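Chains as they are written, first to last, in the numbering used here: chain A, 21 to 517; chain B, 701 to 812.
These notes concern the structure reproduced below.
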Amino acid sequence: MTFKLSSRAVLGLAALAAGILVADLAFAQTAAPAAAAAPAAPAAPTFNKGDNAWMLTATVLVLLMTIPGLALFYGGLVRSKNMLSVLAHVFYTVCIVTLIWVIYGYSLAFTGGSPYIGGLSKAFLMGVNADSQAATFSNGATIHEYIYICFQMTFAAITPALIVGAFAERIKFSALALFIPLWVTFVYFPIAHMVWYWAGPDAITDAAKALAAAATPEAKEKAQAALDAVNADAGQVFIWGAIDFAGGTVVHINAGIAGLVGALMIGKRTGYGRELMAPHSLTMSMIGASLLWVGWFGFNAGSNLEANGGAALAMINSFVATAAAALAWMFAEWIFKGKPSLLGMISGCVAGLVAVTPASGFSGPMGAIVLGLITGPVCFFFSTTIKNALGYDDSLDVFGVHCIGGILGALGTGILVNPALGGAGIMDYTIGKIADYDMMAQMISQSKGVLTTLVWSGVGSAIIYKFVDVIVGLRIVPDKEREGLDVTEQGERAYNM
Amino acid sequence: MKIVMAIIKPFKLDEVRDALTSIGVQGLTVTEVKGYGRQKGHTEIYRGAEYAVSFLPKIKIEVAVATNQVDKVIGAITGAAKTGQIGDGKIFVFNLENAIRIRTGETADAAL
């Protein structure tokens, strides 16, 4: 999410200021009676149909990422006897999270409360209607809150869906059905709140203006307290100053570490390392990865919340970083394993998308290419050498791609946001311009965001897995695992030929 | 009568069929099979997971012919399926006791 004030918005503000000035002059000259004096009140935020249209589109693009994009990407990577189980896991996750989101998820993530979790003031979408507005990153610009709710809903849905790749081919459906609601409630909503919740640009700017306008020391003190209160009305990681444009921490590190914990707690697949577990359809996986890439423009450029230069920056970064990472993974594999595989390319593609997610609205395009070039080989190394050395069975490399890629992206964002490196800088709404960049401070903030996510999700997920194991049992029995989850859990098979 | 069973490379099937048709063979049964011989297998790598694939896909054809046709059939298959590379396959010949055409009840050579 960007804090860059778009040039259009600057122009708009300038025009507004000029308009008020002209109105004042006219008022003074003609000395007309009071009617025109009313504009002293701040102008009501305006809906921009372009912004709303873009966000409607971005929202369905993110849904496309999950179903069928992610589902096919994962489904193609498992054996044919488990194809439907993976598709079912992803589809179930989307549906259950969609409902939880409107019942209490949105409220817990995106209303004020504590720095760690929001309140229940918007549970059941209380008080929200078709006229409600949600803040963007520009002063005086809003989008319809229903769209914002749906957009964030798709993020809440894809994040737990990413985890299912880690324990694919051996988890009970009942365990998954219980795990997903618990995980989003106790892990996703708090992290989303901590990283993304804030009062919005108008609240900060208004409070800053009030402070500037305060004449007496007492009024200044009062205005300062009000500004501090507005700044404190945000998530803890946000308050630390960590930036995460579209979810490097919230989505990818969060899901990645939960996946690793799950793979460790559920244990290896029967026959892992001894039997052939080759992907059953890399064709499906290629279609899925490509849909992920297409949908990811909604994810990254949509996270700008407005159809402006910030969205354009996120879009170009999501092109170049992804291409760079796909090629970098492919060449690394070509050099170290002898062949440039398609699976390597599409894995690098996803890793690049993951890494550019937090950086997409902050980095410049050349910085994004560097990020992609680094991410490809590092994720390749983690998903192959490190995984094999440590011996854990993260079936579809949720940790190696999403957690490692997310960490590289989150830390890389702290460097690449630097305007001196072509980055967009970080907007300071109290002074209304880009803040001075301090690499040390920014990297400390970014690291705190990464560590908070790792610890919260790692520990939280472990507790939830344990709980689910006690209640329904996590793992399917070996006989059923051998037969395949499609027939034993779903009662159907993917290919009747 | 004899059964000629041949294991051949999958992409040679059409050439073998044409060669057999041209010498008057009236029918053929084809099965997709896996196996290994001197060609051994190969290695597949999926994100660093290396699998030694020891059984390679082949095509098995079975053709029932009159005894005096066997050499011609073997010649046709050999000519069409040969690439000179390792893994071209093998031909096995069995004795066939009888053959019956289900529709007419004809037996032996008349049923082929």
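Ideal placement from N, C-alpha and C gives every residue a C-beta, glycine not left out.
The model shown is predicted, which means the values in this text are computed figures rather than measured ones.
Could you tell me which uninterrupted beta strand (DSSP E) segments, each at least 3 residues in length, are contained entirely in the stretch 140 to 200 of chain A, listed from first to last along the chain?
The qualifying runs are 153 to 155, 161 to 164.
May I have the straight-line CA-CA distance separating A:SER152 from B:TYR751, to the nearest angstrom?
Distance between the alpha carbons of A:SER152 and B:TYR751 is about 56 angstroms.
Closer than 9 angstroms by beta-carbon distance: list the chain C residues that pair up with A:ASN408, in chain order.
Absent here is chain C; the protein component of the structure consists of chains A and B.
Can you pull out the residues from the stretch 292 to 311 of chain A whose beta carbon lies closer than 8 angstroms to at least one beta carbon of chain B?
Within the stretch 292 to 311 of chain A, the residues whose Cβ lies closer than 8 angstroms to some Cβ of chain B are LEU296, MET297, ALA298, PRO299, listed in chain order.
Taking B:GLY735 as part of the beta strand (DSSP E), name the residues at either end of that continuous run.
Residues 729 to 735.
Identify every residue that forms a DSSP beta bridge with B:PRO757.
For B:PRO757, which the question treats as bridged, DSSP gives the partners B:LYS734.
Just mark A:TYR168 as buried or exposed, buried being the case when its beta carbon has 16 or more other beta carbons within 10 Å.
Buried, since its Cβ has 16 or more Cβ neighbours within 10 Å.
Alpha carbon to alpha carbon, how far is B:ILE800 from B:ALA810?
One C-alpha to the other measures close to 8 angstroms.
Figure out for me which residue from A:PHE193, A:HIS164, A:GLY95, A:LEU104 has the closest Cα to the Cα of A:VAL488.
Closest option to A:VAL488, Cα to Cα, is A:PHE193.
Could you please give me the residues that DSSP links to B:HIS742 through a beta bridge?
Partner(s): B:VAL753.
Verify the CB distance criterion: does A:GLY364 have a CB-CB separation below 9 angstroms to chain B?
At least one chain B Cβ lies under 9 angstroms of A:GLY364.
Take A:SER195 as the anchor and find which of A:MET463, A:ASN72, A:ASP248, A:HIS109 has the nearest alpha-carbon.
Here residue 195 of chain A is Ala; the residue named in the question, Ser, does not match the sequence. Measuring from the Cα of A:ALA195, the nearest candidate turns out to be A:HIS109.
Can you give the Cα-Cα distance for A:ARG289 and A:ALA249, rounded to whole angstroms?
Those two C-alpha atoms are separated by around 51 angstroms.
Output needed for A:TRP216: all residues of its chain with C-beta closer than 6 angstroms, excluding positions within five of it in sequence on either side, in chain order.
Answer for A:TRP216: no residue qualifies.
Counting only the same chain and skipping the five closest in sequence on each side, list residues whose C-beta sits under 7 angstroms from that of A:THR131.
Cβ neighbours of A:THR131 beyond the five flanking positions: GLY138, GLY139, SER141, LYS142.
Roughly how many angstroms separate the alpha carbons of A:ALA52 and A:ASP226, rounded to a whole number?
In this prediction, A:ALA52 scores a pLDDT of 39, lower than 50, which makes its location untrustworthy; the coordinate-derived value is nonetheless stated afterwards. Going by the C-alpha atoms only, they are around 29 angstroms apart.
Does DSSP put A:ALA48 in a helix, in a strand, or in coil?
Annotation note: pLDDT 39 at A:ALA48 (below 50); position unreliable, no value reported.
Would you mind giving the Cβ-Cβ distance between A:PHE317 and A:MET335, rounded to the nearest angstrom? I have them listed as a contact below 8 angstroms.
At roughly 6 angstroms, the Cβ-Cβ gap stays under 8 angstroms, so A:PHE317 and A:MET335 are in contact.
Looking at the C-beta of A:PHE419, does it have a partner C-beta in chain B at a distance below 9 angstroms?
Not closer than 9 angstroms to any Cβ of chain B, the Cβ of A:PHE419 fails to qualify, so no.
Does DSSP put A:ARG559 in a helix, in a strand, or in coil?
No answer is possible for residue 559 of chain A: the residues shown for chain A start at 21 and end at 517.
Just curious, the alpha helix (DSSP H) that B:GLY787 is in, first and last residue?
Premise fails: B:GLY787 is in no alpha helix (DSSP H) and is neither H nor E.
A:ALA55 by DSSP, collapsed to three states: which one?
In this prediction, A:ALA55 has a pLDDT of 40, which is less than 50 and means its spatial position is unreliable; nothing more can be read from the coordinates.
Between the C-alpha atoms of A:ILE134 and A:VAL207, what's the straight-line distance to the nearest angstrom?
One point to set straight first is that residue 134 of chain A is Ser, not Ile, in the sequence displayed. A:SER134 and A:VAL207: Cα-Cα distance of roughly 15 angstroms.
List the DSSP bridge partners of B:VAL763.
Answer is B:VAL704, bridged to B:VAL763.
How big is the Cα-Cα spacing for A:PRO397 and A:SER105?
Computed Cα separation, rounded: 31 angstroms.
Answer with yes or no whether the minimum CB distance from A:LYS359 to chain B is below 9 angstroms.
Cβ-Cβ to chain B under 9 angstroms: yes for A:LYS359.
State the Cα-Cα distance for the pair A:ASP506 and B:ALA808, rounded to the nearest angstrom.
Taking the straight line joining both Cα atoms gives about 47 angstroms.
Ignore the nearest five residues each way along the sequence and tell me which others in A:VAL98's own chain have a CB closer than 6 angstroms to its CB.
These residues qualify, in order along the chain: VAL106, ALA188, GLU189.
Are the C-beta atoms of B:GLU744 and some chain A residue less than 9 angstroms apart?
So yes, B:GLU744 belongs to the interface.
Hey, is A:ALA352 close to the ligand PLP, as in C-beta under 8 angstroms from one of its heavy atoms?
Here there are no bound small molecules, and the ligand PLP is not part of this structure.
By how many angstroms is the C-alpha of A:ALA243 removed from the C-alpha of A:VAL42?
Any answer about A:VAL42 is weak, because its pLDDT of 40 lies below 50 and its placement is not dependable; what the coordinates show is given next. Answer to the nearest angstrom: the Cα atoms are 29 angstroms apart.
Within 9 angstroms of any Cβ in chain B, is that where the Cβ of A:SER152 sits?
It does not: the Cβ of A:SER152 has no partner Cβ on chain B nearer than 9 angstroms.
The alpha helix (DSSP H) with A:GLN256 in it runs from where to where?
Here the alpha helix (DSSP H) through A:GLN256 covers 256 to 260.
Can a CB atom of chain B be found closer than 9 angstroms to the CB of A:PHE351?
No, A:PHE351 lies away from the interface with chain B (no Cβ there is under 9 angstroms from its Cβ).
Grab me the residues of A:ASN68's own chain with a C-beta within less than 7 angstroms of its C-beta, minus the 5 sequence neighbours each way, in chain order.
Excluding sequence neighbours, A:ASN68 sits near ALA161.
For A:ALA403, return the contacting residues in chain B, with the cut-off set at a CB-CB distance below 8 angstroms.
Here residue 403 of chain A is Ser; the residue named in the question, Ala, does not match the sequence. Chain B residues near A:SER403: ARG747, GLY748.
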